[in-house]
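Novice: Please see the structure below; I have some questions.
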């Protein structure tokens, strides 16, 4: 067994100061093999999930690489997420690898929702394109981000607005009432399926997009209403976001996944629970992360600016990332040197982590 050194890294943010209790806004854990510092290191960050102790960190450190599980100040704070701020704080971690850890090559690991986030980072690093959300000032710190050398997407969604919309319950009729429902669109109404007809699927998908657009209209109007008041933003709840038809009906995009299951278990139960994507938002966070119309967390435009060698790894039993997601990510990448690989396992690849680490390590070494 390789001895693994774990180093806590806490660094300032170019945007906010340290917490009153002393914590740095940007924090993570650097895993590396003992002895000579590695010349190649991974960095993994998510929109809000704590990646400091990422499940691949030790595996890749054992294979001779550094691994910085890195968190912006939005870890655990999804409701307040702003993309340009997060990119500036990812840049803090990348600079630390290059300037303090002695790393010569940086590999961006875009895992799960972090796939589109890390794609946005590389996209902004090679071509400035990310703009502030309505009413916010430009962030100078994203004008000169250090670009990475390689890009890996692992069990990655195709973007925050897309995944939320695909999971939204289209039957919600009143955003203020978690129990409101249009029976003709209710995915848990046995009269509608499963199996779901092609006609129902088309109506349902259109209604999901319409729901997203209605919330965007409301958020923009609410921000206008706040002008001239003492408030600059407002919080709101988003209900019922575990209702992708694919979660319930395994005949839609068949895969190795467990049927009638999602990351929170039974979809019908999860859908009426209190844990879900975007369940608490500010108006500006909705516009920055979740809105189909205004969010810059859509992966495809950012992937189109990524020309470094790129690897996409899809878990074929993933509960909520589907083959179409992996194919979309792979197809959108501009890299000439790109590869798509498959592992038969669930979203967090609990049974196949050594296999995934071997695959990724071999691909990186080849380059």
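Residue numbers (the working numbering): 1206 to 1572.
Backbone N, C-alpha and C fix where the C-beta goes; we use that ideal spot for every residue, glycine too.
As the structure is a computational prediction, the values presented were derived from the model and not from experiment.
1) Tell me which residue opens and which closes the alpha helix (DSSP H) that residue 1275 is part of.
2) Confirm, please, whether the CB-CB distance from residue 1466 to residue 1483 is below 8 Å.
3) Residues in the same chain with beta-carbon distance under 7 Å from residue 1487, minus the five sequence neighbours each way, listed in chain order, please.
4) Give me, in chain order, the residues of the same chain whose beta-carbon lies closer than 7 Å to that of residue 1564; leave out the 5 immediate sequence neighbours on both sides.
5) Rounding to the nearest angstrom, what Cα-Cα distance links residue 1399 and residue 1452 in this structure?
6) Got a sec? Which residues, its chain only, sit under 6 Å from residue 1507 by beta carbon, not counting five neighbours each side?
7) What distance in whole Å lies between the Cβ atoms of residue 1378 and residue 1310, which are believed to be in contact at a cut-off of 8 Å?
8) Alpha carbon to alpha carbon, what distance is there between residue 1534 and residue 1355?
9) Using the Cα positions of residue 1277 and residue 1337, report the straight-line distance between them to the nearest angstrom.
10) Would you kindly work out how many angstroms separate the C-alpha atoms of residue 1463 and residue 1333, rounded to a whole number?
11) Can you tell me whether DSSP reads residue 1484 as helix, strand or coil?
12) For residue 1566, which residues in the same chain have their Cβ closer than 6 Å to its Cβ, ignoring the five residues on either side in sequence?
13) Would you check if there are 3 or more beta carbon pairs closer than 8 Å linking the stretch 1497-1505 to the stretch 1468-1485?
14) For residue 1275, I'd like the list of residues in its chain whose CB is within less than 6 Å of its CB, leaving aside the five on either flank, ordered along the chain.
15) So residue 1369 and residue 1406 are supposed to be a Cβ contact under 8 Å. How far apart are they, rounded?
16) Rounded to whole angstroms, how far is the Cβ of residue 1236 from the Cβ of residue 1562, which I believe are closer than 8 Å?
17) Just curious, the alpha helix (DSSP H) that residue 1428 is in, first and last residue?
18) Taking contact to mean 3 or more Cβ pairs, one atom from each stretch, closer than 8 Å, check whether the stretch 1424-1439 and the stretch 1343-1350 are in contact.
19) So what's residue 1250 in DSSP terms, helix, strand or just coil?
20) Classify residue 1560 as helix, strand or coil using the three-state DSSP reduction.
21) What are the boundary residues of the beta strand (DSSP E) that residue 1576 is part of?
Specialist: Let's see:
1) For residue 1275, no alpha helix (DSSP H) run applies; the uninterrupted beta strand (DSSP E) run containing it begins and ends at 1271-1276, by DSSP.
2) No, the pair does not count as a contact, with Cβ atoms beyond the cut-off.
3) In chain order, 1284, 1285, 1438, 1439, 1440 place their CB closer than 7 Å to the CB of residue 1487, counting only its own chain and leaving out the 5 sequence neighbours on each side.
4) Setting aside the 5 residues that flank it on each side, residue 1564 is surrounded in the same chain by 1518, 1546, each with a C-beta closer than 7 Å to its C-beta; the list follows chain order.
5) Each residue's alpha carbon lies about 11 Å from the other.
6) Correct list, in chain order: 1324, 1325, 1328.
7) Not really, about 52 Å apart at Cβ, beyond 8 Å.
8) The straight-line gap from Cα to Cα measures roughly 15 Å.
9) Using only the alpha carbons, I get a separation of about 17 Å.
10) Looking at the two C-alpha atoms, the distance is approximately 41 Å.
11) Residue state, collapsed to three classes: coil.
12) Cβ within range, chain order: 1268.
13) The stretch 1497-1505, when compared against the stretch 1468-1485, does not touch it at the 8 Å Cβ threshold.
14) Cβ neighbours of residue 1275 beyond the five flanking positions: 1233, 1248, 1250, 1298.
15) The distance from the Cβ of residue 1369 to that of residue 1406 is about 18 Å, inconsistent with a contact at the 8 Å cut-off.
16) About 12 Å separates the beta carbon of residue 1236 from that of residue 1562, a gap too long to meet the 8 Å contact definition.
17) For residue 1428, the enclosing alpha helix (DSSP H) has its first and last residue at 1403-1431.
18) Result no; under three Cβ-Cβ pairs closer than 8 Å.
19) Note: residue 1250 maps to coil in three-state DSSP.
20) Three-state DSSP puts residue 1560 in a helix.
21) Nothing about residue 1576 can be read from this structure; the chain reaches only from 1206 to 1572.
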